[in-house]
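One structure is given here, and the rest of the page talks about it.
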Amino acid sequence: MWAVKVRRDHKTKELKAFDFSPEQCQSCPLKGQCFTNKKGYRSIPVHPYERYLQEGRKQQETPAFKAEYRQHRPAVERKQAEMVRHGARKARYFGLTKVRLQMLFVTATVNYKLLVKKLQEKAAAVKNQVASPGVSVAW
Numbered sequence: 000m001w002a003v004k005v006r007r008d009h010k011t012k013e014l015k016a017f018d019f020s021p022e023q024c025q026s027c028p029l030k031g032q033c034f035t036n037k038k039g040y041r042s043i044p045v046h047p048y049e050r051y052l053q054e055g056r057k058q059q060e061t062p063a064f065k066a067e068y069r070q071h072r073p074a075v076e077r078k079q080a081e082m083v084r085h086g087a088r089k090a091r092y093f094g095l096t097k098v099r100l101q102m103l104f105v106t107a108t109v110n111y112k113l114l115v116k117k118l119q120e121k122a123a124a125v126k127n128q129v130a131s132p133g134v135s136v137a138w
């Protein structure tokens, strides 16, 4: 099924939308899933970065991406949940500047906690090495 009209931006010549006639819409098996409008035709807008979105979707189907995603996703989800616990779900203030400042404080808090945890782990490892006789500590 081909579009009756292909709309492009008159300045940049970028693809904007595909328009389908009412006759084409009547014979379409997916008609029930479409929105209706007064003119009877269907217009499907095209995102300015559609090509990149499609490339990204293809990449998501590769086994290498799935393995990488499975490895990192749990950590990201936990970190997002921690940020929500520190107030990242709701803005406390009005105004974009104040909301951005709130998010900066939340991310700084989460990063500071991670830094302290890593330093504690490193100090514990050094303490265990010092406690072992005959082991030299390299700083």
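Everything in the sequence shown is counted per numbering that gives the first Met the number 0, starting at 0 for the first residue and increasing by one. The C-beta atom is built at its ideal place from N, Cα and C for all residues, glycine as well.
Item                                                                                                                                               : Value
Let me know if PHE142 comes out buried or exposed under the rule of 16 or more other beta-carbons within 10 Å of its beta-carbon.                  : In the structure as shown, the chain starts at 0 and stops at 138, and residue 142 therefore has no counterpart that could be examined.
May I have a chain-ordered list of the alpha helix (DSSP H) segments no shorter than 4 residues that lie completely inside the segment 62-106?     : 62-82
Among residues of its own chain, excluding the 5 on either side of PRO47, which ones have a beta-carbon nearer than 8 Å to its beta-carbon?        : GLU13
May I ask you to list the residues that DSSP assigns as paired with SER42?                                                                         : ASP18
Determine whether the beta carbon atoms of LYS15 and VAL45 lie at a separation below 8 Å.                                                          : yes
Which residues in the same chain have their Cβ closer than 7 Å to the Cβ of THR108, if we skip the five residues on either side of it in sequence? : HIS85
Whole angstroms are fine: how far does the CA of ALA2 sit from the CA of THR61?                                                                    : 31 Å
Going by C-alpha distance, which of GLY31, ARG50 and GLU22 is nearest LYS38?                                                                       : GLU22
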